[in-house]
Structure formats: structure tokens, C-alpha cells
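Q: In the numbering used here, the protein residues as written are 33 to 508. Heads up, the beta-carbon is just placed ideally off N, CA and C, and yes, glycines get one too. Next up is a structure, given as C-alpha cells.
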């Protein structure tokens, strides 16, 4: 048997003709929180019907109760039985994939990267980042899509609709190999509650920016932008100059997820001493093990002491505080600690389903409350947002500069009734795009350029980095 035969056979098989053994859930990876039960009995029947369309009628007697149990337990039908277990899902060299064209092989590589246990936030629920940024809605869609890609030629285009492959269509070599749409709903039916219902029905998914488009590259994709944001914040707000960046300065924020995790490394590159609060210990430990975060601390005072001492000695350090960010901000206020720069990267685009957690109860209890009593959970989150804003206001009255990091913090805080608005109704604090990245970077046409070495050979990365360095140096 060849080196890649198991991988290739799994992809070429698509959805197995016979029922595969249920692989069970891997307890060594983080799992998505259970979702609200938002469907009526009639809608649950429709969700099951939508799920069973991928399988022959002869298998429905076994799959229907299994999928119904998933829907009842998790609030979604993930089809765990169909998660491939023959070979680890990760980005293999492009030559490993069974494909009739290189573009299709590269797309398969990127899909598997998005679902790698070491990359994805909730890999077994097919969520890459942001709490609900999905690659597919279920594992049948994954298997079917990979099979289509293995069959694709340069004269075909695969059309994707919220994780569901509509099929291969005739096109041309110059056409896109894949056309993707996620979350396409009529605006009048696009509230958070509408989305939860459509997602539970299996007809729509939120693909985030790079999860459902198969091009996620983790914190490395945003670390340069985050570094530039911090350096420019220092120049604008703190009048820093020279090559020392923001050395000796302090930065406090939250979030050690797939994108927010870049903050730790960026702060150190910029020279800051920083604390990043993260409520989920699994996320904090993952970033630490991957080298993105210097230290993990569970005691808020120890975290603060480390930051203050490091800043006084101009030592760049990233400290991950495992706990609620509001606990951190309120303790900083109580101790009268001056912080130079502050922001927030909690997933407030998804405030009621795990993107933000209340301070009043412990993390695990909050996950249970989210499902058992959604209205109470929502009220607690809004109370926490008000306390969050109050602490930020107090810190800023003591000289801190704060900005919204595009995560809807100001929006959700204002909806919660927090003291976050000016007298004219505008937000008290700016967003990083309008105040820092826009006028100091994007307005000059400066932005990211990314590529992937699909060979999987680190030497290719060294070569391409060298080429890029020469080009950028010539342009400077």
C-alpha cells in the first residue's frame, strides 16, 4: 500500500455505501457548546428530512433516530458517524491528494487544514474559528465535497451553498474552480434568531471570512496587521518613535482564539507587556503550546503583577489570564493600575451562543445555562457588558487609550444599555479601522499579501520569504 492510499481511498469513496462505525467523540479536542433548542416539532422533522437527503432510504431507520438525538443534544446535526477516522485530517502535501487538476488538490488541502485538530477551534463540529465560523454544516457535506473535488477538471466549477455542494457545472479553464456562498438569506429574515433557526434546519451556515471559503491560515494571517495596529496606536496615542516600538508600555485585551490569538505574539513583537484574558482554558493552552503565548496564569493578581514588573523593566511579554475579561478590568480598576492601551476581541458577533460569557457564574456553568435558560444567559451577558464598559470608562479616565477591534463590542454594549455613547449618539470610542488601520495604513494602499506553500516543504517557505523580502526592500 502506498503512503497516501488511505487518504486517497477515503476521499474517493465520498459518502460510504454502507454505514461506517461511529468513531465517537474525541475528548482531547475542544467541542462547540450545545446550541439552543430553537426549532418547533414540525421544524425538527424538516431538519431531519434535510439531513437524510444525503443517504439512501434503506439507511433512514438507523440514521433518523441518531440524527434526532444529535439535534436534541447538541442543537445541530453534525453527523459524527461520518467523520473520517482512517487518517488524521490535516494539510498534506498537494501531491497526496487524488485530483485531476492542481487547483482542486490545493482546495482539498486547504479544507483539511481548516479542520485540523491543531488549527480548528471545534474541529469535530466543523468550526474553524469565531465560535461559529463553519467549513461545512455536517460531515456528509465534507465527504461529498471532497469527492467532487477529486473528480473536477479544469473545465468544471463546483458550486457551494452554505456547505452543501450543488454539483460540478461546465465552465472554462479561466473560471473559478469553486464558487462559494454562505449565509445567503433575505435581509428581512437575517436576525441572530433567524440564523440560529436556519442553521439548526441545516440550510444556512456562517462561514466567517476564511472558514467557509477554505483559506484560513490561523493567527499568522493577522499577526502582521495586529502588530502594525499596536505600533501605530503607540505612535498616535503615546507619541512613541524610533525602533523600540511600544517597549515599556502595557496592553490589555481579550481573546486567544483563532484570530484574536495573534494579539499575544503581535504585542511581543511590538515590544509591549500585555495581558490577554481568555475564558476558555483549552484555547489559552492551545495558543501557549503552539508558541503564540508566553505564559498562562489563572490568578488575576499574578497576571497583573507580571505585566507591571515586565513593563517597568521594558521586557516584552504576553500573559494569558484564564478567566473573564471583566474580572481583569475590574481588578485593574480596584488596584489603580495604569494601562496604556486597551481593546477587546471577544466574539461578540455571536454573544448568546458562546462568543461572550457572563462574569456572574463559572465558565462550565455558563455553557449549561446557555442551553437550559437562554433568556437568563442573555440577561447575564448584557449585565456583564455594562460592567465591562464601566470598567473601560474608568481605565480611560486614568489615561488609557481604548479602541473597538471590529468585534461588535461597542454595538452589543450599547444594546445592553452600557454607558458607551456620546451625547450625540455616537460611540465614545473609535474602531481600529477608522482610527488606526484606515488613516495610517489602508488609505495608503498598504495591506496584507499571503500565500501558501502547498508542497508542505518548509524549504519552499524559506525561498518564498526570501523573494518577498527582496521585493519589499526594493519597494521601500
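(1) Whose C-beta lies closer than 7 Å to the C-beta of residue 444 among residues of the same chain, with five residues either side of it excluded?
(2) Apart from the five residues on each side of it in sequence, which residues of its chain come closer than 8 Å, Cβ to Cβ, to residue 450?
(3) Please state if the CB of residue 170 and the CB of residue 109 are separated by a distance shorter than 9 Å.
(4) Can you have a look at residue 394 and say buried or exposed, based on whether 16 or more other CB atoms are within 10 angstroms of its CB?
(5) Tell me the start and end of each unbroken beta strand (DSSP E) in the segment 168–223 that is at least 3 residues and wholly inside, in chain order.
(6) Which whole-angstrom value describes the C-beta separation of residue 325 and residue 352, a residue pair presumed to lie in contact below a C-beta threshold of 8 Å?
(7) For residue 292, count neighbouring C-beta atoms within 10 Å of its own C-beta (all shown protein chains included) and say buried if the count is 16 or more, exposed if not.
(8) From the DSSP output, in three-state form, read off residue 306 for me.
(9) Can you list, in chain order, the stretches of the alpha helix (DSSP H) that have 4 or more residues and sit fully within the segment 354–387?
(10) With H, G and I counted as helix, E and B as strand and the rest as coil, what does DSSP make of residue 41?
(11) Using beta carbons (cut-off 9 Å, strictly below), is residue 369 in contact with chain D?
(12) Give the C-beta separation of residue 288 and residue 307 to the nearest angstrom, bearing in mind that I take them to be a contact with Cβ-Cβ under 8 Å.
(13) Can you check which of these residues, 200, 150, 131, is closest to residue 39 by C-alpha distance?
(14) Could you compute how far the alpha carbon of residue 124 sits from the alpha carbon of residue 45?
(15) Note the first and the last residue of the continuous alpha helix (DSSP H) segment covering residue 292.
(16) Once you ignore the five residues that flank residue 552 on each side, which residues in its own chain have a CB closer than 6 Å to its CB?
(17) Contact defined as beta carbons within less than 8 Å: I believe residue 159 pairs with residue 298. What is the distance between those atoms, to the nearest angstrom?
(18) Do residue 266 and residue 302 have their C-beta atoms within less than 9 Å of each other?
(19) Roughly how many whole angstroms lie between the Cα atoms of residue 37 and residue 349?
(20) How long is the line joining the alpha carbons of residue 487 and residue 137, rounded to whole angstroms?
(21) Starting from residue 494, trace the alpha helix (DSSP H) both ways and give me its first and last residue.
A: In brief:
(1) On the chain shown, position 412 is the one that residue 444 refers to. Same-chain partners within the cutoff: 380, 383, 417.
(2) The residue you call residue 450 lines up with position 418 of the chain shown. The residues are 417, 418, 420, 421, 422.
(3) Within the chain shown, residue 109 is the residue found at index 77, counting from 1. Within the chain shown, residue 170 is the residue found at index 138, counting from 1. Between residue 109 and residue 170, the C-beta spacing is below 9 Å.
(4) Position 362 of the chain shown, counted from the start, is the residue given in the question as residue 394. So residue 394 counts as exposed.
(5) Fully enclosed beta strand (DSSP E) runs of 3 or longer: 188–193, 196–202, 210–213.
(6) As a first step, residue 325 must be located in the chain shown, where it is residue number 293. As a first step, residue 352 must be located in the chain shown, where it is residue number 320. Taking the Cβ atoms as the reference, residue 325 lies roughly 5 Å from residue 352, within the contact range of under 8 Å.
(7) For the purposes of this step, residue 292 is taken as the residue at position 260 of the chain shown. Residue burial annotation: residue 292 is buried, with at least 16 other C-beta atoms found within 10 angstroms of its C-beta.
(8) As a working mapping, residue 306 is identified with position 274 in the chain shown. If DSSP states are grouped into helix, strand and coil, residue 306 belongs with the strands.
(9) The qualifying runs are 357–367.
(10) Residue numbering aside, residue 41 sits at position 9 when the chain shown is read from its first letter. Looking at residue 41 - three-state DSSP - the assignment turns out to be helix.
(11) The structure shown has no chain D; it contains just one protein chain.
(12) Looking up residue 288 in the chain shown gives position 256. Looking up residue 307 in the chain shown gives position 275. Under the criterion of beta carbons closer than 8 Å, residue 288 and residue 307 do not qualify as touching, at roughly 11 Å.
(13) Counted from its first residue, the chain shown places residue 39 at position 7. Closest option to residue 39, Cα to Cα, is 131.
(14) Sequence index remark: in the chain shown, residue 124 carries index 92 (1-based). Sequence index remark: in the chain shown, residue 45 carries index 13 (1-based). Looking at the two C-alpha atoms, the distance is approximately 18 Å.
(15) For the purposes of this step, residue 292 is taken as the residue at position 260 of the chain shown. Segment: none, residue 292 is in no alpha helix (DSSP H) and carries neither H nor E.
(16) No answer is possible for residue 552: the residues shown for the chain start at 33 and end at 508.
(17) One-based indexing of the chain shown puts residue 159 at position 127. One-based indexing of the chain shown puts residue 298 at position 266. 24 Å between Cβ atoms; not a contact.
(18) By one-based count along the chain shown, residue 266 stands at place 234. By one-based count along the chain shown, residue 302 stands at place 270. For residue 266 and residue 302, yes; Cβs fall inside 9 Å.
(19) In the chain shown, residue 37 corresponds to position 5, counting from 1. In the chain shown, residue 349 corresponds to position 317, counting from 1. Between the alpha carbons of residue 37 and residue 349 lies a distance of about 45 Å.
(20) Taking the first residue of the chain shown as 1, we reach residue 487 at position 455. Taking the first residue of the chain shown as 1, we reach residue 137 at position 105. Residue 487 and residue 137: Cα-Cα distance of roughly 11 Å.
(21) By 1-based counting over the chain shown, the position of residue 494 is 462. If you look at residue 494, you'll find it in the alpha helix (DSSP H) that goes 490–507.
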